[in-house]
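Just below is one structure, and these are the notes that go with it.
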Amino acid sequence: THEMGFAHEFADRVLFFDKGHIIEQGPPDHIFSNPTHERTQTFLRKIIAAGHRV
């Protein structure tokens, strides 16, 4: 899903992909509060800046 608020509330794990490869995975609380991959960090910053909930 691209609905991060939904994923955060209902998923046990989230995975972030880049060009078909998993770049980051783990529990939503951990990934959303402490993303380690640059692409995940950029994506989450853009989602938050657009006013979406994570």
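Take the sequence shown: its letters are residues 916 to 969, numbered as in our numbering. We put the CB at the ideal spot given by N, CA and C, even for glycine. None of the values given here were measured: they were computed from a predicted structure.
Short of 8 angstroms from the beta carbon of I937, and not among the five residues preceding or following it, lie these beta carbons of its own chain, in chain order: L930 and F931. Comparing alpha-carbon positions, the option among I963, E953 and A964 lying closest to D933 turns out to be E953.
Pairing P942 with I963, the inter-Cα distance amounts to about 19 angstroms.
About 6 angstroms separates the CB atoms of T951 and E939; that is less than 8 angstroms, so the two are in contact. Looking at the backbone, the Cα of D944 and that of G966 are separated by about 19 angstroms.
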